[in-house]
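S.K.:
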Amino acid sequence: MVNDYNAIAPIYTFLSKLVFFGCIQKSQEEFLSLLPVKGKVLFMGGGGGNTLKIITQKYPLLHIDYIDQSEKMISLSRKRLINEPNHHVNFIVGNENNIPDTNYDVIMTFFYLDLFSPKNLDLIHKTLNNTLSVNGLWLISDFNQAKKWWQKAIELMMFSFLKITTGIESNSISAIRESYFEPGFRKKGLTYFYGKYIFAAAYQKV
257 MVNDYNAIAP
267 IYTFLSKLVF
277 FGCIQKSQEE
287 FLSLLPVKGK
297 VLFMGGGGGN
307 TLKIITQKYP
317 LLHIDYIDQS
327 EKMISLSRKR
337 LINEPNHHVN
347 FIVGNENNIP
357 DTNYDVIMTF
367 FYLDLFSPKN
377 LDLIHKTLNN
387 TLSVNGLWLI
397 SDFNQAKKWW
407 QKAIELMMFS
417 FLKITTGIES
427 NSISAIRESY
437 FEPGFRKKGL
447 TYFYGKYIFA
457 AAYQKV
């Protein structure tokens, strides 16, 4: 299966901390303060649920559709909320084809859009954007295109590893922010991590 993270789900968080010194998690938390108190959230490819737990603790009234293609990632996320029985999280094993027919106040894609080839990325961004309400918030964290030698080395090793373990569709990092969020959105914030190889950004749909 393409983009199947089941095999590395138990060690994904550990590996990301080991390689990126916690910057993966920090980037996801960077703009959570912009979330509304109430509303509907679409969280695509949420992984093992570290960020989800933080959100449900700080914003218990948010209704979240949490979609991940990996059954094991969904299982890990459920376990993180085991002591929060009153959360409003709808766990969905699937992808963009399984998004409920509704409009969202917030979309979150943390290290999700980098999974796809440029051709499919166009379609996926359009699909997600069509579910976001006008003035809605889109939080994104991901990699910038590698420019320095050490970034290119990390990207090569990362994609080689993910090709074997997950069957990742993409072969390299696309210009995600520049191509898909500069037009049609108002930038609310942008922060860099890990020598500017990782970014966190908040955009408002106009």
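For the sequence shown, our numbering assigns the number 257 to the initial residue and increments by one for each residue that follows.
Glycine is no exception: its CB is placed at the ideal position from the N, C-alpha and C atoms.
Which whole-angstrom value describes the C-beta separation of S326 and Y360, a residue pair presumed to lie in contact below a C-beta threshold of 8 angstroms?
M.R.: Actually they do not touch by this definition, with Cβ atoms about 22 angstroms apart.
S.K.: Does the beta-carbon of A409 have 16 or more other beta-carbons within 10 angstroms, so that it is buried, or is it exposed?
M.R.: Exposed, because fewer than 16 other Cβ atoms sit within 10 Å of the Cβ of A409.
S.K.: Are the CB atoms of F347 and R334 within a distance shorter than 8 angstroms?
M.R.: Yes, these two residues count as a Cβ contact at 8 angstroms.
S.K.: For L379 and Q407, what's the separation of their Cα atoms in angstroms?
M.R.: L379 and Q407: Cα-Cα distance of roughly 27 angstroms.
S.K.: If we ignore side chains and look at the alpha-carbon of each, how far apart do L308 and Q284 end up?
M.R.: The alpha-carbon atoms of L308 and Q284 are separated by roughly 10 angstroms.
S.K.: Closer than 7 angstroms by C-beta to D398: which residues in its own chain qualify, once you throw out the five before and the five after it? Chain order, please.
M.R.: Here the set comprises F367, L369, D370, I432 and F455.
S.K.: Going by DSSP, which residues form a beta bridge with S397?
M.R.: Bridge partners of S397: F366 and A456.
S.K.: How is V293 classed by DSSP in three states: helix, strand or coil?
M.R.: Coil at V293, not helix or strand.
S.K.: First and last residue of the beta strand (DSSP E) that includes I323?
M.R.: That run of the beta strand (DSSP E) goes L318 to D324.
S.K.: What runs of the alpha helix (DSSP H), each 4 residues or longer, lie entirely inside the segment 389–447?
M.R.: The segment 389–447 contains these whole alpha helix (DSSP H) runs: 405–421 and 432–436.
S.K.: Any idea what DSSP makes of F347, helix, strand or coil?
M.R.: Here F347 sits in strand by DSSP.
S.K.: Please classify Y360: does DSSP put it in a helix, a strand, or coil?
M.R.: Reduced to three states, the DSSP call for Y360 is strand.
S.K.: Verify whether the separation of the beta carbon atoms of E352 and L384 is less than 8 angstroms.
M.R.: Taking 8 angstroms as the Cβ cut-off, E352 and L384 qualify as a contacting pair.
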